[in-house]
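**Student:** Numbering (the numbering used here), first residue to last: 13 to 353.
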Amino acid sequence: MSAGRPRTADRVAVLSGGIGGVKLVEGLTELLPGDALSVICNTGDDLELWGLHVSPDVDTVLYTLSGLVNREQGWGVESDTYEALEMVKRYGEATWFLLGDRDIGTHLLRTSMLRQGRRLTEVTLELARRLGIGARVIPATDDPVRTFVLTPDGELDFQTYFVRRRFEPPVEEVRFHGADDAVPSPEAAAALLTASTILIAPSNPVASIGPMLAVRGFRQALAQAGGLRVAISPLIGGEAVKGPTVQMMEATNLPATPIGVAQAYEGLIDALVIDRQDVAYKPELEEFGLSVLATDTLMEGFEGRLRLAAEVLDYCSVLGLKRAREREPGPRKEPGPRAVD
Ligand code: GDP
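#1: Ordered along the chain, which non-local residues of its own chain (more than five positions away) have a Cβ less than 7 Å from that of Gly250?
#2: Classify Lys334: buried if its beta carbon has 16 or more other beta carbons within 10 angstroms, exposed otherwise.
#3: Return the first residue and the last residue of the beta strand (DSSP E) that Pro156 is part of.
#4: Quick one: is the Cβ of Lys334 within less than 7 Å of any heavy atom of the ligand GDP?
#5: Look up Phe170 in the DSSP assignment and say whether it is helix, strand or coil.
#6: Considering Ser124, what are the terminal residues of the beta strand (DSSP E) in which it resides?
#7: Smallest Cα separation from Ala106: which of Leu61, Arg130, Asp69, Val73?
#8: What does the alpha-carbon distance come out to for the pair Tyr293 and Ile271?
#9: Compute the beta-carbon to beta-carbon distance between Val24 and Leu211, rounded to the nearest angstrom, for a pair I have assumed lies under 8 Å.
#10: Tell me which same chain residues have a C-beta within less than 8 Å of the C-beta of Ala15, skipping the five on either side of it?
#11: Is it the case that the stretch 38 to 49 contacts the stretch 123 to 138, given that we only count it when at least three CB pairs across the two stretches are under 8 Å?
#12: Among Arg141, Phe174, Gly255, Arg83, which has the Cα closest to the Cα of Leu59?
#13: For the ligand GDP, any of its heavy atoms closer than 7 Å to the Cβ of Asn216?
#14: Is Thr206 near the ligand GDP, judged by its Cβ being under 7 Å from some heavy atom?
#15: Going straight from the alpha carbon of Tyr277 to that of Gln236, what length do you get?
#16: Considering only the alpha carbon of each residue, which of Trp87, Phe230, Val183 lies closest to Ala263?
#17: So, Ala147 versus Leu77, is the Cβ gap smaller than 8 Å?
#18: Thr209 bridges to which residues according to DSSP?
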């Protein structure tokens, strides 16, 4: 670890969705002590299926950080089987939402803990601990917030739009049901408040970070946070590495460029990390008052995750030092030469 990186006592909070966000998170876990990192997760994609509470983004984080993830897919458990789902199919149920047998084990345990009256955050922290994960994995809220997509075929819940309809229907609007009545989980609020660095992972700003920002009080907590706030753009050359980020940004009147990412996080970030391919946007972003790092943001393999995480942490420590220097009182005036009569 280089001398400038956040020190052990420094706390880092990272806001993450699923597959894209967790790549950076995985890199961060290699560089920071477990207890220094809080991963605040999206729950807008959560669903109830045959009585089970499924948290797809939280599970992608849990499986990745515990080493259980199916690396090829980027989600689900490695070498999982689908016997339970086959049985459900025999009863004539629709089985387009894939739940592996091992994955179902997580949902059974989560649901049973929730039924005992425990909060989603308590349950998630417990699951992470039992999987041997050092970082704190924290849902953004304990309250039900659900993402819906308005299309010409009507309002679709996020998984119907994303998995069943393969994000083909044009997006007219994105809605977060329940967000007005939701509040940040106390653990998420505390993580934002105590972090010296807050990162927004390269996740879909609308579908993954949007549900968190829609929670009453979450945006304010981020706006007022004392830590350095840095987002990493999920777009490279105007395209998403994967998924419907471009469609969803355009539907919410955000250009699919680093400018759109900066607009999505207006007033909430101090700096933006963009891809080298998008360096032409740097001057305009700086005019918005943002510090900008242009680098190679594609995270290929484990090395790529580690490299970007290290670059981001180094950049944060440079910005942190700069900030501290700017806050120092100006140089004291040296007393002039004593007048000699
Ligand atoms: P989801 O909840 O599983 O859809 O995952 P996220 O919202 O966390 O991630 C989706 C976003 O990750 C997409 O916008 C991708 O462009 C972005 N993404 C995936 N891999 C990379 C990468 O290696 N680098 C960057 N910069 N973005 C990535």
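The beta-carbon is built from N, C-alpha and C at its ideal position, and this holds for glycine as well.
**Tutor:** So, from the listed chains and residues:
#1: If we look at Gly250 and ignore the five residues flanking it on each side, its Cβ neighbours are Ala268, Thr269.
#2: So Lys334 counts as exposed.
#3: Membership of Pro156 in any beta strand (DSSP E) is not indicated, and neither H nor E is assigned to it by DSSP.
#4: Checking the Cβ of Lys334 against the ligand GDP gives no.
#5: It is helical.
#6: The continuous stretches of beta strand (DSSP E) do not include Ser124, which lies in the alpha helix (DSSP H) extending over residues 113 to 127.
#7: By alpha-carbon distance to Ala106, the top candidate from Leu61, Arg130, Asp69, Val73 is Leu61.
#8: Whole-angstrom Cα-Cα distance: 7 Å.
#9: Indeed they touch by this definition, with Cβ atoms about 7 Å apart.
#10: A caution first: Ala15 carries a pLDDT of 44, below 50, which makes its placement in the model unreliable, though a value can still be read off. The beta carbon of Ala15 sits closer than 8 Å to none of the beta carbons in its chain outside the five residues before and after it.
#11: Contact between the stretch 123 to 138 and the stretch 38 to 49 is absent, because fewer than three Cβ pairs lie under 8 Å.
#12: Among Arg141, Phe174, Gly255, Arg83, the Cα nearest to that of Leu59 is on Phe174.
#13: Because some heavy atom of the ligand GDP lies under 7 Å away, the Cβ of Asn216 counts as near it: yes.
#14: No, the beta carbon of Thr206 sits no closer than 7 Å to any heavy atom of the ligand GDP.
#15: Computed Cα separation, rounded: 13 Å.
#16: The residue from Trp87, Phe230, Val183 with its alpha-carbon nearest to that of Ala263 is Val183.
#17: Yes. Within cutoff.
#18: As computed with DSSP, Thr209 is found in a beta bridge with Val24, Leu240.
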